[in-house]
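Q: Take a look at this one; I'll ask things after.
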Amino acid sequence: MDRHQIIKNFILVTPTFSSCWKDYINYWEQEDPGISNDILCYVNYFVENFSDLTIEQRKATLEIVENGLTYGDSSVKDALATCFLEALITAIDLKKIDFNTINLLGNKSTEYCRAWNDFSNEERNID
């Protein structure tokens with residue numbers, strides 16, 4: 336699974352993201368923004384629109400992240416962990432999204448979040 340497939344999947348589960356994505360692509364014009372920026376574009380959309388997303392869309396998004404962490408190439412895995420999951424944890428800490436979102440994470444995502452807690456010396460109940 337590569338970066339293009341991840342974005343395609345995000346658009347499939349959250350169709351309203353497509354307009355944000357088009358704006359993002361137009362902003363970068365001919366430059367390659369890199370996968371980290373691609374993932375940040377989506378996680379910003381996800382956090383900003385969290386309350387408008389259905390539980391099914393939230394679950395599907397986090398399944399895409401889990402599948403990317405499991406089957407993605409190394410750049411996909413790195414970007415999903417360091418960009419998506421870390422931004423998700425920050426959004427939870429800032430109470431921008433519901434803490435119970437943690438319960439929707441898959442095994443690899445949860446494992447990464449626990450490791451991030453240990454690294455950052457934060458105490459969050461991620462089970």
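Here the working numbering is used: the first residue of the sequence shown is 336, the next is one more, and so on.
Just so it is clear, CB atoms sit at the ideal spot from N, CA and C, and this is done for glycine as well.
#1: Should Y447 and A414 be called a contact, given that it needs their Cβ atoms to be closer than 7 Å?
#2: Nearest to C418 by CA position, among K431, N442, N435 and N379, is which residue?
#3: Can you name, in chain order, every residue of its own chain whose Cβ lies under 8 Å from the Cβ of D433, other than the five neighbours on each side?
#4: Note down, in chain order, each residue of its chain lying with its Cβ closer than 7 Å to the Cβ of L440, except the 5 sequence neighbours on either side.
#5: At which residue ranges does the region 382 to 435 contain complete beta strand (DSSP E) runs of 3 or more residues, listed in the order of the chain?
#6: Quick check on Y377: buried or exposed, where buried means 16 or more other Cβ atoms within 10 Å of its Cβ?
#7: Name the two residues that bound the continuous alpha helix (DSSP H) containing Q340.
#8: Who are the Cβ neighbours of Q392 in its own chain at under 7 Å, not counting the five residues just before and after it?
A: This is what the structure gives:
#1: In this structure, A414 does not lie closer than 7 Å to Y447 by Cβ.
#2: N379
#3: F385 and I427
#4: L397 and C448
#5: Runs of beta strand (DSSP E) with 3 or more residues, each lying fully within the region 382 to 435, are absent.
#6: buried
#7: Run containing Q340: R338 to V348, per the alpha helix (DSSP H) assignment.
#8: Leaving aside the five residues that flank Q392 on each side, the residues in its chain whose CB is nearer than 7 Å to its CB run, in chain order, V348 and T349.
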